[in-house]
Structure formats: C-alpha cells, structure tokens
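In the numbering used here, the protein residues as written are 1 to 343. Positions of the beta carbon are idealized from the N, C-alpha and C atoms, including for glycine.
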Ligand SMILES: NC(=O)c1ccc[n+]([C@@H]2O[C@H](COP(=O)([O-])OP(=O)(O)OC[C@H]3O[C@@H](n4cnc5c(N)ncnc54)[C@H](O)[C@@H]3O)[C@@H](O)[C@H]2O)c1
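This is the structure:
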C-alpha cells in the first residue's frame, strides 16, 4: 500500500490535532505545510519534523503536487483554497465551518464536482465514539422508531483564550459549535424540513450570540431540540461533551455526563461506558474531539482509496450549513424557516 502524501494549510490552534492524527494514521502522511504566519509555520514544522514549509498555498501545491490537501484555516479563506486545489486536481479535506455563506459553499462543491475532485468537510462531531455508539443503538432498533431527540452542549469553558477570533465575529455559537450539534441531529434523525431558533448573548465581552435553542422538524413526527450554550456555569463543567436524549416507540436512550449511555426498554435499563480512547497525544478534556479527528481523517483516507464519497462530503455539508443559515434567519425574524428553500 502506497502512502498518500498530504499537504496542510493553516498551522494554527486546531491544526496540531490534525497533524498528530496524520502522524498516527498508517497510509497517509503530511509532507509539506503552509502558513502565512512564519512563527506558526516554524512551530508546527519543528514539532512534527516537516522541512517543506511554505508561506503561500499555491506555491506549495504547485511544487509538491500532494495526493491530498488538508485545509485547516478559518472559513473566510476556504473558497479560494478549495477552488485552487480543484483547479490543480488535488483532493480536499476542509475544516468546518465550510464557508461563511451558502454561495461560497455551493461554489466550492460545484468546483470540485466539475473537476472530479473529492471534497470532504472535517465535520468531526458525528465521528465521536460516544455519538457513534448512540447511532448503533438507534440502528439496532432497541428503542423502536424515534419520535423525540435532544442534542445538547452547555458549558462555560473559556474557548476564547485558544481561539480569540470567536469573540470577535458577529456570529458565534451556532456558526462555531451549533453547526456540529446540528450535524449530529441530521446524522441521528435525518434531514430537517424546518427550524425555529432563538438566540441570546449573555457574555457582554463577546460580539456574537453565545446561547441558541433550536427546534427541528424531521420526517414524520420526529422532532428534535438542539440547544447550545457557552454561558452555562454548571456544577460539573462538561466541555466538550455533547449530551443526547432520544425517545422511541419501544424505549429511550440517554448519552449522559461522563459518556454514560443508558438504554431503557421494556426489560429495564442497561448502562454502557462509551468513553473515548485517550490517544497518546491527546489531553483531557479535548480527548473526545481529538479521537474524532483521527477517525474522520481515517475515513477520508479510506474514501480516497476506495473512490467513494465521504459521509461528510462537501455536498452533504451543504445541508448542515443550510441549517446554520436557517437558524440565524429564524432567530432574526422570529419565524420558522425551511432550510431547503429559504437560504
Ligand atoms: N472540528 C473541530 O472540532 C474544530 C475545533 C476547533 C477549530 N476548528 C476549526 O478549525 C479552523 C481553524 O481554527 P483555528 O482555531 O486553528 O484557527 P487559527 O486562527 O488558530 O489558525 C488558522 C491558521 O491559518 C493561517 N491561514 C489563514 N489563511 C491562510 C492562507 N490563505 N494561507 C496560509 N495560511 C493561512 C493563519 O495564519 C493561522 O495560523 C476553524 O474553521 C475552526 O472553526 C474545528
């Protein structure tokens, strides 16, 4: 099996996790890196022993001609970088949020489709092992057909010290974190035909909203509530755990604090510890996210080798992004929004 040669653009806060995961994955390795910021480029280059370092993405991609490119920059830069990769025929894995606008996102998907270039979004929360465990229980049919779900993320963790840009944007929690929760809701309950959202800004030191409560209408009677907050000071700080509750016709399940999965049916309740693995390079409390980075990057490599579409392809992510845009529109107008036709 040949090793796929990758190049990474953006050596910032989160890219270090991606670099660790690439280093651990058999069959792929990062051979060149790029960042406009020389200090960040040097730091990641030294930490991971990468000598091929570039300040300019186009120069890197033209010289290195990698088998894939990992775009680890923030959203405003994605369209130019994805279109560049598409024009050079280089497969792409791109961080979330995929794009600041639906127009940019659609243009990236179209550019890659036209060029026949695989495009995956690094939408990793559905790859957390606890979320995968929930999906397995649902698919096994133990609790019957679901009719109600809740995907919840509530915390007061200081995300701003590691990612100062999060405090500066007009949008915050739905675009940064809620996007993951909405994707998990799609993953577990299917697409939503309508969304109603309310938002609030509790922390006066930031610009965007830090609380959002969203109601989603899925197929049939299936309804879910997706709620997220970075303004919730709780007895137990659960960052970055996503909690899930699902009621079905034959039982219910709960993914509770501490990765405790409870499944209740007519024969009683069973409990399972679905804690993520603490990878050698991981650190608590980030280890569930770090494990999901390894799993999603493995999926990307498998799809490249098989020539199959990734679960979180660019085309799939348009639907998650549409929910984000629809949530903001709903919060601004006070009405229910159809993500398929109104954004
Ligand atoms: N999936 C997750 O769990 C997760 C977690 C945290 C962050 N993220 C996402 O990862 C992305 C990056 O976040 P971050 O906190 O690491 O950001 P960051 O600002 O720390 O790092 C981004 C880096 O990209 C560089 N850069 C930007 N545009 C560039 C360009 N055109 N060419 C070369 N270098 C360029 C910047 O100089 C910077 O060093 C964001 O979109 C964020 O939402 C995802």
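Classification of residue i by the beta-carbon crowding that lies within 10 angstroms, buried from 16 upward
{"i": "residue 325", "result": "buried"}
{"i": "residue 54", "result": "buried"}
{"i": "residue 251", "result": "buried"}
{"i": "residue 62", "result": "exposed"}
{"i": "residue 10", "result": "buried"}
{"i": "residue 78", "result": "buried"}
{"i": "residue 333", "result": "exposed"}
{"i": "residue 230", "result": "buried"}
{"i": "residue 164", "result": "exposed"}
{"i": "residue 248", "result": "buried"}
{"i": "residue 308", "result": "exposed"}
{"i": "residue 46", "result": "exposed"}
Rounded separation between residue i and residue j - CA only
{"i": "residue 142", "j": "residue 88", "result": "48 Å"}
{"i": "residue 173", "j": "residue 179", "result": "8 Å"}
{"i": "residue 59", "j": "residue 337", "result": "43 Å"}
{"i": "residue 131", "j": "residue 123", "result": "13 Å"}
{"i": "residue 5", "j": "residue 64", "result": "9 Å"}
{"i": "residue 74", "j": "residue 285", "result": "23 Å"}
{"i": "residue 266", "j": "residue 129", "result": "26 Å"}
{"i": "residue 140", "j": "residue 279", "result": "28 Å"}
{"i": "residue 83", "j": "residue 43", "result": "27 Å"}
{"i": "residue 146", "j": "residue 41", "result": "47 Å"}
{"i": "residue 264", "j": "residue 290", "result": "30 Å"}
{"i": "residue 237", "j": "residue 162", "result": "17 Å"}
{"i": "residue 258", "j": "residue 323", "result": "28 Å"}
{"i": "residue 71", "j": "residue 33", "result": "10 Å"}
{"i": "residue 176", "j": "residue 215", "result": "18 Å"}
{"i": "residue 234", "j": "residue 167", "result": "21 Å"}
{"i": "residue 36", "j": "residue 241", "result": "33 Å"}
{"i": "residue 270", "j": "residue 220", "result": "28 Å"}
For residue i, three-class secondary structure by DSSP
{"i": "residue 148", "result": "strand"}
{"i": "residue 316", "result": "helix"}
{"i": "residue 246", "result": "strand"}
{"i": "residue 291", "result": "helix"}
{"i": "residue 229", "result": "strand"}
{"i": "residue 187", "result": "helix"}
{"i": "residue 345", "result": "Residue 345 falls outside the range modelled here, since the chain spans only 1 to 343, and no answer is possible."}
{"i": "residue 284", "result": "coil"}
{"i": "residue 239", "result": "coil"}
{"i": "residue 79", "result": "helix"}
{"i": "residue 13", "result": "coil"}
{"i": "residue 277", "result": "coil"}
{"i": "residue 121", "result": "strand"}
{"i": "residue 301", "result": "helix"}
{"i": "residue 254", "result": "strand"}
{"i": "residue 268", "result": "strand"}
{"i": "residue 47", "result": "helix"}
{"i": "residue 73", "result": "coil"}
{"i": "residue 214", "result": "strand"}
{"i": "residue 163", "result": "coil"}
{"i": "residue 260", "result": "strand"}
{"i": "residue 224", "result": "strand"}
{"i": "residue 341", "result": "coil"}
Proximity of residue i and residue j at Cβ, strictly below 9 Å
{"i": "residue 313", "j": "residue 118", "result": "yes"}
{"i": "residue 160", "j": "residue 206", "result": "yes"}
{"i": "residue 126", "j": "residue 48", "result": "no"}
{"i": "residue 232", "j": "residue 327", "result": "no"}
{"i": "residue 28", "j": "residue 301", "result": "yes"}
{"i": "residue 115", "j": "residue 86", "result": "yes"}
{"i": "residue 150", "j": "residue 225", "result": "yes"}
{"i": "residue 95", "j": "residue 281", "result": "no"}
{"i": "residue 197", "j": "residue 213", "result": "yes"}
{"i": "residue 339", "j": "residue 111", "result": "no"}
{"i": "residue 107", "j": "residue 274", "result": "no"}
{"i": "residue 299", "j": "residue 120", "result": "yes"}
{"i": "residue 315", "j": "residue 184", "result": "no"}
{"i": "residue 227", "j": "residue 181", "result": "yes"}
{"i": "residue 102", "j": "residue 293", "result": "no"}
{"i": "residue 304", "j": "residue 67", "result": "yes"}
{"i": "residue 7", "j": "residue 321", "result": "no"}
heavy atom of ligand 3 below 8 Å from residue i C-beta
{"i": "residue 228", "result": "Ligand 3 is not part of the structure shown, which contains ligand 1 as its ligands."}
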